[in-house]
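**Student:** After the structure tokens below, expect a handful of questions from me.
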Amino acid sequence: GVLPKRLEEGFAVRHCALSLVGEPIMYPRINELCGMLHQENISSFLVTNAQFPDAIRDLIPITQLYVSVDAATPETLKAIDRPLFTDY
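Residue numbers (the numbering used here): 448 to 535.
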């Protein structure tokens with residue numbers, strides 16, 4: 448069984464991963480969301496593919512920022528991905 452103390456700890460949110468579905472940096476209230484997390488002492492972990500550098504520049508400080516690199520060259524990117532922009 449699970450010790451009651453450990454069960455209680457499991458319900459206390461300590462970290463929030465903002466990734467996996469879409470581009471979280473494009474959420475119009477991302478700074479507000481991250482600010483709310485930090486006010487509650489919840490760390491923020493954000494993953495972006497960096498297609499929107501201005502949005503990264505406008506981010507408030509977050510706990511961890513990861514930039515995913517899908518490919519090393521434009522040719523490889525086109526072969527394995529579906530770039531949003533033609534100037535990838």
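Heads up, the beta-carbon is just placed ideally off N, CA and C, and yes, glycines get one too.
None of the values given here were measured: they were computed from a predicted structure.
Any idea what DSSP makes of A464, helix, strand or coil?
**Tutor:** The answer is strand: DSSP assigns A464 an E or B state.
**Student:** Roughly how many angstroms separate the alpha carbons of L493 and G448, rounded to a whole number?
**Tutor:** Approximately 34 Å between the Cα atoms of the pair.
**Student:** The ligand PLP and T520: does any heavy atom of the ligand fall closer than 7 Å to the residue's C-beta?
**Tutor:** The model depicted lacks the ligand PLP and carries no ligand whatsoever.
**Student:** Where T533 and Q498 are concerned, what is the direct C-alpha to C-alpha distance, given to the nearest angstrom?
**Tutor:** If you take the alpha carbons of T533 and Q498, they lie about 12 Å apart.
**Student:** Nearest-angstrom Cα distance between H485 and A464?
**Tutor:** So the alpha carbons of these two residues sit roughly 13 Å apart.
**Student:** Pick helix, strand or coil for L450, following the three-state DSSP scheme.
**Tutor:** In this structure, L450 counts as coil in the three-state DSSP scheme.
**Student:** By DSSP, does T510 sit in helix, in strand, or in coil?
**Tutor:** T510: coil per DSSP, three-state reduction.
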